[in-house]
DNA sequence: GATCGATGCAACTCAAAGGTTGCATCAATT
DNA sequence: AATTGATGCAACCTTTGAGTTGCATCGATC
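Chains as they are written, first to last, in full-length UniProt numbering: chain A, 1 to 108; chain B, 1 to 108.
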């Protein structure tokens, strides 16, 4: 089960591993916004924002919503929830193994 | 609160955003191991493994344990737990905002 | 239908990161 | 003390990714 981590999770972590993308996500957390709108609030060009949004969309963290002639992006919590559960499971397994090692060590 | 994500979390995500590091973590999940031991099981050199372990240790995901003349590494669940909780909180906030938007939209 | 604001695509630069080879060093055992 | 297996450091190569500029295109409004 832990081996399945690499399949879908790595792109999500890669998407979350960039400071600028977090600023994008934080802005989107205040309300859906287009690439052009985001470019007005962050110190990077619109094209850079567009690339970041593509990465985030590919990872399933945001969703494009067409509004008139612009495309707004909406943050999706579901993928974050899945990721959180996966991390919880792995962390718990590590802790379980560590506890077992300690138990055996103490029983000597 | 969501702005605090970038401070400690980004290095963790960066550490988890690499396929090889997941293979290292998976191996460590089977039991503590040294860089040399891991190099024997994975298709990369010992130096590459050492770099990965340094990244993982810097992120607080593994911990070095000296055993005789070798240094074994142990996976730590605590940092994963923290990360999972942070993701949960952010995801919940997004969902809350989305629900509110929908509620307002329906009340028109 | 002309215009204006928005997105889309392509080529380019630059720095960071994964990986390698080679050599130095350190600690435990004999 | 000599040896052997392990870690540590440094230089180097190559690929990836963030960011830019420039131009093309598309869609809504006037």
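Heads up, the beta-carbon is just placed ideally off N, CA and C, and yes, glycines get one too.
Check	Outcome
Using the beta-carbon of each residue, which ones in chain A are nearer than 7 Å to residue 17 of chain B?	10, 13, 14 and 17
Determine whether the Cβ of residue 90 of chain A lies closer than 8 Å to any Cβ atom of chain B.	yes
Does residue 62 of chain B pass the burial test, meaning 16 or more other C-beta atoms within 10 Å, or should it be called exposed?	buried
Going by DSSP in three states, residue 102 of chain A sits in which element: helix, strand or coil?	helix
In chain order, what residues of the same chain have a beta carbon less than 8 Å from the beta carbon of residue 20 of chain B, not counting five sequence neighbours either side?	42, 44, 48 and 52
Taking DSSP as the reference, what is the three-state secondary structure of residue 50 of chain A?	helix
Comparing the C-beta of residue 106 of chain B with each C-beta of chain A, is any distance below 8 Å?	no
Taking residue 32 of chain A as the reference, which of B:35, B:101 and B:69 has the closest Cα?	B:101
Give me whichever residues DSSP pairs with residue 74 of chain B in a beta bridge.	B:63
Which residues does DSSP pair with residue 33 of chain A in a beta bridge?	A:73
Does the distance from the C-beta atom of residue 29 of chain B to that of residue 94 of chain A stay below 8 Å?	yes
Against chain B, which members of the segment 47-81 of chain A pass a CB distance test of less than 9 Å?	74, 75, 76, 77, 78, 79, 80 and 81
Any beta carbon from chain B within less than 8 Å of residue 93 of chain A's own beta carbon?	yes
Please report whether the beta-carbon of residue 110 of chain A lies at a distance below 8 Å from any beta-carbon of chain B.	Residue numbering for chain A in the displayed model covers 1 to 108; residue 110 of chain A lies beyond these limits and cannot be assessed.
Go through its chain and collect everything with a Cβ distance to residue 104 of chain B's Cβ below 8 Å, but skip five positions before and after it.	none
Cβ atoms of residue 79 of chain A and residue 12 of chain A: under 8 Å apart, would you say?	yes
Would you kindly check if the distance between the Cβ of residue 17 of chain B and the Cβ of residue 10 of chain A is under 8 Å?	yes
With a threshold of 8 Å between beta-carbons, can residue 83 of chain B be considered close to chain A, or not?	yes
What's the C-alpha gap between residue 65 of chain B and residue 87 of chain A?	23 Å
Distance check for residue 25 of chain B and residue 77 of chain B, CA to CA, integer angstroms please.	11 Å
When you compare only the Cα positions, how much space is there between residue 72 of chain B and residue 38 of chain B?	10 Å
Does DSSP put residue 83 of chain B in a helix, in a strand, or in coil?	helix
Under a three-way DSSP split, which group does residue 17 of chain B fall into?	coil
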